[in-house]
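In this text, residue positions in the sequence shown follow UniProt numbering: the first is 1, and each later residue adds one.
Quick reminder that beta carbons are idealized off the backbone N, C-alpha and C, glycines included.
Please read these numbers as outputs of a predicted model, since none were measured by experiment.
Working notes, structure below.
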Amino acid sequence: MTGASYERQWEARGGRRRARTTADDSRSSYYGVPPIHKPHWKWLIIIYFFLGGLSGASYAIAGVADLLGRRADRRIVRAGVYVSFAALLPCPILLILDLGRPERFLYMFRVLKLRSPMSVGTWALTLFGAFCTLSALIQAAHDGLLGRHNRAARLLAALPARAIGAAGAGPAFLVAGYTGVLLAATAVPLWTKSFMLMGPLFITSAASNATAAIALLLSLSRGTSRRTLHSLEKLDALLLAGEALLLLATWARLGRVIARPLHTGRLGLLNGAVVLGLGIAVPLVIQLTTLLAGSTAQPLATGFASVCVLTGGFAFRYVMVMAGRASADDPQATFDLTKSRLP
1 MTGASYERQW EARGGRRRAR TTADDSRSSY YGVPPIHKPH WKWLIIIYFF LGGLSGASYA
61 IAGVADLLGR RADRRIVRAG VYVSFAALLP CPILLILDLG RPERFLYMFR VLKLRSPMSV
121 GTWALTLFGA FCTLSALIQA AHDGLLGRHN RAARLLAALP ARAIGAAGAG PAFLVAGYTG
181 VLLAATAVPL WTKSFMLMGP LFITSAASNA TAAIALLLSL SRGTSRRTLH SLEKLDALLL
241 AGEALLLLAT WARLGRVIAR PLHTGRLGLL NGAVVLGLGI AVPLVIQLTT LLAGSTAQPL
301 ATGFASVCVL TGGFAFRYVM VMAGRASADD PQATFDLTKS RLP
């Protein structure tokens, strides 16, 4: 048998095959494993992201309304303080459950690392928790929920609530927005590629959710003026428009490969239909219809729009966390990220 005929038979049996390269495996693995470890975060952190942002932004809105608002805006202040305190209560529990052991939460207080979003966020949450609890107790004392004739209630009612709210606004803003910076500080492609936009996006979303929660509570309360609801609708419309612009800018910044989990499959459907559609477009249409028509806010429409915003806000955090996990498992996303950072 000649060398040529033997080579043809060997090729027919599949003897000559092109050696597989790293590029060939890039769609499924990097030497059999994902290039980076995906975060373990799931429901506990998703709920914390939502409630923490809601708590911080509600407190900040209440503080600003107390400083700059009209006398009629006292209802916004009162509702904002109560929403903030209620949303804050589960947050430490969620973090401790996610860490697995309570002592791990205490380890975060050994030192303050200004370059670590997690360290700054832990300290900010603790400081904000003190302000939020104190403000809630003061408001409860004013409302008579702690009794009218006991010394503790009288002492609390005598404290400078406005000054305390103003001092707590700084930690409140940190709690509302640091989660976006925390995600951007990781190696996950979907989070770190648009690191400059993650903080503003999360704090804008938190402020929109907080405005919606306050508006929902007031729309269900007797005696709330339509002018107050109208003011909240105007604020939420501005925040929703800003959130939509930041979302679109983030998606454009990510590029087709890294943003793939946001636009395909179940997460893509949830992102488009619930986050952008139900959570932003629907309430924005309702609010703009009221504002452009020059009519006063209707409690039923305000309440429905608020529920839509809150649903979309929670779905946004679910999508961002789960899509980040998916992008960490995608070698193409990691390679695309590292390629874009090469000189």
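Residue range of the unbroken alpha helix (DSSP H) whose run includes His40: For the purposes of this step, residue 40 is taken as the residue at position 40 of the sequence shown. His40 -> no alpha helix (DSSP H), and no H or E assigned at all.
Straight-line CA distance for Phe301 to Gly277? Stepping through the sequence shown from its first residue, residue 301 is reached at position 301. Stepping through the sequence shown from its first residue, residue 277 is reached at position 277. The residue you asked about is not Phe; residue 301 is Ala in the sequence shown. Looking at the two C-alpha atoms, the distance is approximately 17 Å.
Considering only residues of the segment 279 to 338, which uninterrupted alpha helix (DSSP H) runs meet the minimum length of 4 residues and lie entirely inside it, listed in chain order? 282 to 293, 299 to 328
Residue closest to Ala57, alpha-carbon to alpha-carbon, out of Ile93, Lys339, Asn209, Asp236: Here residue 57 corresponds to residue number 57 of the sequence shown, with the count starting at 1. Nearest of Ile93, Lys339, Asn209, Asp236 to Ala57, Cα basis: Asn209.
Using the Cα positions of Leu190 and Ala328, report the straight-line distance between them to the nearest angstrom. By one-based count along the sequence shown, residue 190 stands at place 190. By one-based count along the sequence shown, residue 328 stands at place 328. Cα to Cα, the separation comes out at about 8 Å.
Helix, strand or coil for Val33, going by three-state DSSP, please let me know. On the sequence shown, residue 33 is found 33 positions in, with the first residue counted as 1. Residue state, collapsed to three classes: strand.
Using a Cβ-Cβ cut-off of 7 Å (strictly less than) and excluding sequence neighbours within five positions of Leu197, which residues of its own chain qualify? For this step, residue 197 is matched to residue 197 along the sequence shown. Excluding positions up to five away in sequence, the list reads Leu246, Ala249, Thr250, Arg253.
If we call anything under 8 Å between Cβ atoms a contact, is Ala87 one with Gly165? Within the sequence shown, residue 87 is the residue found at index 87, counting from 1. Within the sequence shown, residue 165 is the residue found at index 165, counting from 1. In this structure, Gly165 does not lie closer than 8 Å to Ala87 by Cβ.
Buried versus exposed call for Ile93 [16 or more other C-beta atoms within 10 Å across all chains shown]: Counted from its first residue, the sequence shown places residue 93 at position 93. Its Cβ having fewer than 16 others within 10 Å, Ile93 is exposed.
Assign Ser221 to one of two classes, buried (16 or more other C-beta atoms within 10 Å of its C-beta) or exposed (fewer than that). As a position in the sequence shown, residue 221 is number 221, starting the count at 1. Result: exposed.
If you check the beta carbons only, do Val257 and Ala333 fall under 8 Å apart? By 1-based counting over the sequence shown, the position of residue 257 is 257. By 1-based counting over the sequence shown, the position of residue 333 is 333. The answer is yes: Cβ separation under 8 Å.
Reduced DSSP category for Arg253 - H, G, I as helix; E, B as strand; rest coil: Position 253 of the sequence shown, counted from the first residue, corresponds to residue 253. Three-state DSSP puts Arg253 in a helix.
Roughly how many angstroms separate the alpha carbons of Thr22 and Thr186, rounded to a whole number? Here residue 22 refers to the residue found at position 22 of the sequence shown. Here residue 186 refers to the residue found at position 186 of the sequence shown. Because the pLDDT of Thr22 is 45, which lies under 50, any placement of that residue in the model is unreliable, and the question is left without a value.
From what residue to what residue does the alpha helix (DSSP H) around His142 run? For the purposes of this step, residue 142 is taken as the residue at position 142 of the sequence shown. Its alpha helix (DSSP H) spans residues 117 to 142.
Closer than 6 Å by C-beta to Asp330: which residues in its own chain qualify, once you throw out the five before and the five after it? Chain order, please. The residue labelled residue 330 in the question sits at position 330 within the sequence shown. Once the five neighbours on either side are set aside, Asp330 has no close Cβ partner at all.
Given a cut-off of 8 Å, decide if Ile76 and Ile214 are closer than it, judged by their beta-carbon atoms. Reading the sequence shown from its first residue, position 214 is the one you call residue 214. Reading the sequence shown from its first residue, position 76 is the one you call residue 76. Result yes, Cβ atoms of Ile214 and Ile76 sit closer than 8 Å.
In three-state DSSP terms, what is Gly147? Numbered from its first residue, the sequence shown carries residue 147 at position 147. Gly147 falls in the coil class under three-state DSSP.
What alpha helix (DSSP H) runs, 4 residues minimum, are completely inside the segment 49 to 114? 74 to 88, 91 to 99, 102 to 107
Measure how close the beta-carbons of residue 390 and Tyr178 come, nearest whole angstrom, since I'm counting them as under 8 Å. Residue numbering for the chain in the displayed model covers 1 to 343; residue 390 lies beyond these limits and cannot be assessed.
Are three or more beta carbon pairs between the segment 108 to 118 and the segment 134 to 151 nearer than 8 Å? no
Per-residue DSSP class, three states only, for Pro189: Position 189 of the sequence shown, counted from the first residue, corresponds to residue 189. DSSP places Pro189 in helix when its eight states are reduced to three.
Sequence-distant residues of the same chain with beta carbon closer than 7 Å to Leu89, five excluded per side: Within the sequence shown, numbered from 1, the residue matching residue 89 stands at position 89. So the list is empty, once near-sequence residues are dropped.
Chain C contact for Thr338 (CB, 8 Å cutoff): Included in the structure is just one protein chain, with no chain C present.
Buried or exposed by the 16-neighbour rule on C-beta atoms within 10 Å, applied to Glu233: Within the sequence shown, the letter at position 233 stands for residue 233. Per the 10 Å Cβ criterion, buried.
State the Cα-Cα distance for the pair Leu270 and Leu239, rounded to the nearest angstrom. For the purposes of this step, residue 270 is identified with residue 270 of the sequence shown, where counting begins at 1. For the purposes of this step, residue 239 is identified with residue 239 of the sequence shown, where counting begins at 1. Computed Cα separation, rounded: 21 Å.
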